[in-house]
Each structure stands twice: as C-alpha cells, then as structure tokens.
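The block underneath contains the structure these notes are about, expressed in structure tokens.
Numbering (our numbering), first residue to last: 10 to 370.
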C-alpha cells in the first residue's frame, strides 16, 4: 500500500495511544528525547513521518497483522469480511486504526477496496470530511461519559487490564517473530552473498570459454575465406580451360570440313559417300554422353562464349542443323542465331525432349 494510505491510518490514532505506540515501536524523533502527552500534538507530524520510513513501516505492518484478531475472525470461519461487519466492530468500540491497519496490512486488493468502502461509509454516517475527525469525536464522547471517580475494582478497569495483558502477550509474540525474521534475513543475506560469489565465478568461467570460442571462430572464418578464394581461382582456371577446348574443337571441325570438301572435289570418278549421320552444332552443353554416342547424329557442342566467333566465321553454315538448348541459351543469343544462321534450327526446352527426338529418328 502507498505511504498516503498509511498516513491516513496513522491519522486515526488518538494522541494518548500514539504516545504508547511510539514507545512500543521504538520510534526516535529528532529534537525530542521522549514523546509524551505534553508534546505529542507538537511532535505528531514528525512522529508520523518517521513511522512512514520503510524500516519502521515494515515492523508496523507486522504489528497490525498480529493485532488483527477481530477483523480476521470471520475469515477463520470460512466467511468473507463484510462492510457491515467492519462497521459493527467500530461501533462496538474497536479502535479505527486497528481495523484499517489490519485490513491494509494484508496487502490484498479486495481488502483494500473494502477498506475504502468502509471509510466512505463512516464519513457519510457521521457527517465528517476526514477520518481524523472521528478521533476527535470519540475523545469528546469518552470525556463526556467518563465518571469523576473510578473504582479500581470496577468491571471497566478489570476489562482494561485483560486487554492490556492480551496486548502484552501479542507484543511478546511480535517480538519473537521479529527476532525470527531478523535471523532469517541474516541467513538469506549470507545465502545471497554466496550465490553472488558463485555467479561471479561462473560468469568469469563463461567469459574465458567465450573468448576461446571466439578465437577459434575467427581462425575458422579465416581458413574458410582462404579456401573459398582458392576454390574461386580453380573455378576460373577450369572455365578458362573449357573455353579453350571448345574453341579448339570448333577450329578442328572447321579444318576437317575443309579437308573433306577438298577431297570430294578431287574424286571426280568416285561416287559420293552417303552417310546417314547428320552434322549437328549443339549450342549449350547438356553434359550427357548421348551427344557422343548417337548413331544418326554427329554432335559438335558449342560453348556460349564461342557463339560470337562461330557466327562471325560462318561456322554454323557448314553443318546440317543447329540445335539449341533453350534453358541454357539466353533469349537474346537465340534471337541472334536465328537471324544470322540459314540452316535448319531446332530448339529443345529440356534434355528429355531432345533425347526423345533423337530416339524417334
């Protein structure tokens, strides 16, 4: 609960009882050696300010929790505390600060709501603006009904002694519990210290392991980078060699065709040799041995990089047909081949289609 809530609770404590509680709670107020009936009105604001400090407020909450027997009684019987029950407690003489302190000390939202309803009901019923006004009203009422002389053996004194003894017993229980709490606090403090030390040791260990892992990672990255550079260099070398081989194959084919043409021209009396195999220039390499072992076709695979030279030298005009693997040849290059070459041109979208065409004959 907020400081303002407890400040409101403290405002309902009569001066006479606040003096006793200051002594019981061991609250020290600067500028006052002792708080008594003579100086309480002057020191009241400073007493409440001191009581609101965290170290004192924690103990005061415990005090109200232990002294909350009447308020807790309905809950012990399995019933909910009601607004009517709280009003009845107050009208039977239960001090207002004990009722409110017991409810707020529970720190439960439903009880806080009930306490606010209880406060509003009292303000409305007794037609006052502040809860502290109820304390003045009660003190005046007690002064009006107080007898001039009280018999020490009267029932009121006996009842007061019973309440006092009961309060003393509760105070002993409270002191014992505070002692237990202080002991547990010391144990938890020591445990926390040990856990922090353990966590620090573990953190240092993890930092060392992390440093080792980072060093290994950097070494691996450097090795991978070096390997990647070597692979790229090898790829470039392989591509260069493939290009040279394709170029040499094209030149060799060109020379073979020139030799064959010269031989045919000189053999006037010999009938021309008729072969069933067609000379095919295949633009785009499907990487399949079928282009080497076909019975009806002789394939000359032309790499894409050699196409411009082949077009400039009319090499493609010296074959029977030009086949293109469309999935390997860019559209712009296909269009240029179609515009330039006068031979029969066939296009295949995939290798299985070309294979079926070859097998079909």
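Think of the CB as a built atom: it goes at the ideal place given N, C-alpha and C, for glycine as much as any other residue.
Treat the numbers as computed from the prediction; the structure is a model and nothing was measured.
I need the boundaries of the alpha helix (DSSP H) containing residue 9, first residue and last residue. The chain is shown from 10 up to 370; residue 9 falls before or after that span and cannot be answered.
Does the region 348 to 358 come into contact with the region 323 to 330, if we say contact requires no fewer than three beta-carbon pairs (one atom in each stretch) closer than 8 Å? yes
Just to confirm, is the Cβ distance from residue 262 to residue 306 under 9 Å? no
Anticipated Cβ contact below 8 Å, residue 329 with residue 288, distance rounded: 5 Å
Here's the rule I'm using: 16 or more other beta-carbon atoms within 10 Å means buried, otherwise exposed. How should residue 371 be labelled? Because the chain is modelled from 10 through 370, residue 371 falls outside the range shown and cannot be assessed.
Which of helix, strand or coil does DSSP assign to residue 307? strand
What is the rounded straight-line gap between the Cα of residue 109 and the Cα of residue 197? 31 Å
Going by DSSP, what residue range makes up the beta strand (DSSP E) through residue 291? 287 to 292
Would you kindly work out how many angstroms separate the C-alpha atoms of residue 156 and residue 193, rounded to a whole number? Here the model assigns residue 156 a pLDDT of 48, short of 50, so the residue's position is not dependable and the matter cannot be decided.
Would residue 90 pass as a contact of residue 125 if the rule is Cβ separation under 9 Å? no
Using a Cβ-Cβ cut-off of 6 Å (strictly less than) and excluding sequence neighbours within five positions of residue 256, which residues of its own chain qualify? 315
Nearest-angstrom Cα separation, counted from residue 92 out to residue 38: 36 Å
Start and end of the beta strand (DSSP E) containing residue 357? 353 to 357
Exposed or buried, residue 361, counting other C-beta atoms within 10 Å across all chains shown (16 or more means buried)? exposed
Which residue from 337, 296 and 354 puts its Cα closest to that of residue 331? 354
Go ahead and pull the three-state DSSP assignment for residue 330. strand
Taking only three categories from DSSP, how would you classify residue 41? coil
Could you check whether residue 113 and residue 121 sit closer than 9 Å to each other, using their CB atoms as the reference points? yes
Identify whether residue 49 lies in helix, strand or coil by the three-state DSSP scheme. helix
Just confirm the distance between the C-beta atoms of residue 342 and residue 356, as a whole number of angstroms; I'd bet it's less than 8 Å. The Cβ separation is near 12 Å, so there is no contact.
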